[in-house]
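Enquirer:
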Amino acid sequence: MSNTAAETLPGFLSPEVAADPDAYYRRLRAEDPVHWDDGYQGYLISKHADVGFAYRNPLFSTQNYEVSLQPVFGRSMLQMDGSEHSRKKALVTPYFRGKGLEKWAPVIARNVATILDRSVASASEHITRGFLPGSTVDLLADFGYYLPVYVITDMLGLPHSDYDRFFNWYNRHVAFLGNLARDPEIDESGRQATGELWAYLGPVVEDRRSNLGDDLISGLITAEIDGERLADAEILTHITQLLNAGSETTGKALASMFAYLLRERALFEEVRDDRSQVIPAISETLRISPPSQMNGRKITQDVEIHGVRLPAGTLVMLLMASANRDEDRFADPDTFNYHRTDLAHEKTFSAAGDTFAFGSGRHFCLGAMLAKSELEMASNVLLDRFPDMRLVDGFEPEWSGLKMRSVHSLKVTL
Ligand code: HEM
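Per the working numbering, residue 1 is the first one in the sequence shown, and the count goes up by one each step.
#1: Report yes or no: is there a C-beta of chain E within less than 8 angstroms of the C-beta of Ser218?
#2: Decide if Pro203 is buried, meaning its Cβ has at least 16 other Cβ atoms within 10 Å, or exposed.
#3: State the beta-bridge partners of Thr413 as determined by DSSP.
#4: What separation, rounded to the nearest whole angstrom, lies between the Cα atoms of Arg275 and Thr314?
#5: Helix or strand or just coil, what does DSSP make of Ser360?
#6: Within the same chain, show all residues whose beta-carbon is closer than 7 angstroms to that of Ser406, passing over the 5 residues directly before and after it, in chain order.
#7: In terms of residues, what are the limits of the beta strand (DSSP E) holding Asn295?
#8: In the stretch 172 to 215, which residue ranges form an unbroken alpha helix (DSSP H) of at least 4 residues, counting only runs that do not cross its ends?
#9: If you draw a straight line from the C-alpha of Leu216 to the C-alpha of Glu102, how long is it?
#10: Is the distance from the Cβ of Leu44 to the Cβ of Leu402 below 8 angstroms?
#11: Can you tell which of Gly11, His160, Asn324, Tyr150 has the C-alpha that lies nearest to the C-alpha of Tyr40?
#12: Please check the pair Arg172 and Ser161, which I expect to be a contact at CB under 8 angstroms, by giving their CB distance rounded to whole angstroms.
#13: The ligand HEM and Thr497: does any heavy atom of the ligand fall closer than 7 angstroms to the residue's C-beta?
#14: Within 7 angstroms: the Cβ of Arg263 and any heavy atom of the ligand HEM?
#15: Use the C-beta contact count for Glu284: other C-beta atoms within 10 angstroms, 16 or more gives buried, fewer gives exposed.
#16: Rank Ser68, Ala113, Ala105, Met369 by C-alpha distance to the C-alpha of Arg385 and give the top, closest one.
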């Protein structure tokens, strides 16, 4: 494990890596593709082939989520494997695929328009700022963060008026998930957020039992596996996971895409004038800047990867952000180029994709197709309504974050 090159690499959780993770990943791939990090107390896996191998190999289990997720979500499908995982995922999959998903298209369209038209009663001040040609907005804070939360709350049958509370709860959950150094204050805040969210959801679920509809909470209440209904705690876990999983990720993907397009205005104009480029632009954004940059795993039996023997019990971090920029897999990987021929854009939203923005293998993202619909629809409406959109004068988009990463704001003149 230890060689000179590996020893000169900075710590994974150091400020130096946080300042430029892509430069660090480039060094990992070149110098020590399966790299032990003392701070993380696990191995960092950085090459495309190795990340794909690990996602698909059941010895790389999701037991790591017992520590990094269960305290805030309860025991979710992400932690399960085998038939238990298949059965629990199958309960909600019909809402996120095919005809079940098509049903939500008008809901997405309505929410895009609602946010842009400011016709909602929201406790938040952001949304009152307005989306009129010529006005200045933050595409992430004023739009990107709202859309996925509005869509999933509609799917669950929860009120938009509680957006600020959901936003607060899921931000504290996201901080818990990204707390690789396990700062006790962040952990505690995440656990308390779950207590508050569940105190809110408990009566909602109770009430829904006698007022069933075609929403997802009603679906979870009535679902049966082998003749058995889900326990209350399982329903709360599913709802918590669904509220969280797609919110920050989808908003961040949208903001990063518009940042890439607007930084080189010719790209924005090309996509605006040729909408067949919308999906390629989204897919290329998810390659070069996946909102969720890494997934942990725990080894259940000794296994070899890239010539390194890892004992049972070892923690590993699958660096999707690194794999997606692996120079052995993608030509000129640090360049945003949606015309590239080494990425099959139509497969990006399926488990057969060339990149790992949505993970891979059995835990491949349940909401990938929903995210695709939201991103495609939102992009098209924004391009229709604001053909002259540009970055605010003097504003340079900056990417930040280690576990979750995107532009932290996107100031545009519409
Ligand atoms: C651009 C948007 C999104 C990104 C980048 C994203 C990313 C991911 C990733 C990387 C995983 C794999 C985690 C792992 O293997 O450890 C995952 C799983 C998951 N995602 Fe997403 N996601 C997005 C949107 C959504 C949406 C909209 C939903 C639903 C509302 C959702 C629900 C889930 C669920 C339930 C899982 C767990 C699946 C399982 O364990 O089998 N995601 N997502």
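Ideal Cβ placement from N, Cα and C applies to all residues, glycine included.
Note that the coordinates shown come from a computational prediction; the quantities given were computed from them, not determined experimentally.
Expert: Quick answer:
#1: Here there is only one protein chain, and chain E is not present.
#2: Start at 1 with the first residue of the sequence shown, and residue 203 comes out as number 203. It counts as exposed.
#3: For the purposes of this step, residue 413 is taken as residue 413 along the sequence shown, with counting starting at 1. Bridge partners of Thr413: Thr136, Arg390.
#4: Walking along the sequence shown from the start, residue 275 turns up at place 275. Walking along the sequence shown from the start, residue 314 turns up at place 314. Each residue's CA atom was taken as its position, placing Arg275 and Thr314 some 46 angstroms apart.
#5: Residue numbering aside, residue 360 sits at position 360 when the sequence shown is read from its first letter. In this structure, Ser360 counts as coil in the three-state DSSP scheme.
#6: Residue 406 sits at position 406 when you count from the first residue of the sequence shown. Cβ within range, chain order: Lys252, Ala255, Ser256, Ser289, Pro291, Trp399.
#7: Position 295 of the sequence shown, counting from 1, holds the residue named residue 295. Unbroken beta strand (DSSP E) run through Asn295: 294 to 299.
#8: 184 to 209
#9: In the sequence shown, the residue the question calls residue 216 occupies position 216. In the sequence shown, the residue the question calls residue 102 occupies position 102. Each residue's alpha carbon lies about 14 angstroms from the other.
#10: Counting from 1 along the sequence shown, the entry for residue 44 is found at position 44. Counting from 1 along the sequence shown, the entry for residue 402 is found at position 402. Not a contact, by the Cβ cut-off of 8 angstroms.
#11: Numbered from 1 along the sequence shown, position 40 holds the residue referred to as residue 40. Answer by Cα proximity: Gly11.
#12: On the sequence shown, residue 172 is found 172 positions in, with the first residue counted as 1. On the sequence shown, residue 161 is found 161 positions in, with the first residue counted as 1. Incorrect: roughly 20 angstroms between the Cβ atoms, too far for contact.
#13: No answer is possible for residue 497: it lies beyond the span of the chain, which begins at 1 and ends at 414.
#14: Working through the sequence shown from its first residue, we reach residue 263 at position 263. No, the beta carbon of Arg263 sits no closer than 7 angstroms to any heavy atom of the ligand HEM.
#15: What you label residue 284 is simply residue 284 of the sequence shown in a count that begins at 1. Buried, because 16 or more other Cβ atoms sit within 10 Å of the Cβ of Glu284.
#16: By one-based count along the sequence shown, residue 385 stands at place 385. Nearest C-alpha to Arg385: Ala113.
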